[in-house]
Amino acid sequence: MLPSRKTRRKGRPMVKQELLDILCCPKCKGDLAYKPADGTLTCKKCGKVYKVKDDIPIMLVEEDER
Ligand SMILES: [Zn+2]
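Using the working numbering, the letters of the sequence shown correspond one by one to residues 8 to 73.
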C-alpha cells in the first residue's frame with residue numbers, strides 16, 4: 008500500500024511540487040533537483056545545495072565560497 012499524499016512523516020521535509028516549479032537557484036537561476044530523502048535542493052547548473060527546513064527551502068547564497 009502506498010501512503011496517502013496527505014500523510015506526512017515527521018522529520019522528512021516535503022516541499023510542494025508547485026513550489027519547486029517556481030523555485031530556481033538564486034545564484035545562477037538554474038533548475039533545482041529536490042532530494043526528499045536528504046531534505047535538500049541541488050542546483051543542476053552550479054551544484055549549489057540548499058537545505059529544506061520545516062518544509063521551506065532555505066534559498067540563501069552564502070558569500071564565503073570563494
Ligand atoms: Zn545555481
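Cβ coordinates follow ideal geometry from the N, Cα and C atoms, glycine included.
Note that the structure is a prediction, hence the values are computed from the model and not measured.
Alpha-carbon to alpha-carbon, residue j and residue i
i, j, result
"Y57", "P64", "7 Å"
"D28", "M21", "14 Å"
"K52", "G46", "19 Å"
"V68", "T49", "13 Å"
"L26", "A44", "18 Å"
Other residues of its chain near residue i: CB distance less than 7 Å, five sequence neighbours each side excluded
i, result
"K55", "C32, K34"
Cβ-based neighbour list, residue i, same chain, cut-off 8 Å, excluding 5 preceding and 5 following
i, result
"G37", "C31, C50, K51, K52, C53"
"K42", "L48, T49"
Sequence-distant residues of the same chain with beta carbon closer than 6 Å to residue i, five excluded per side
i, result
"A40", "T49, K51"
Environment of ligand 1 in chain order, Cβ to heavy atom below 6 Å: C32, K34, C35, G37, C50, K52, C53, K55
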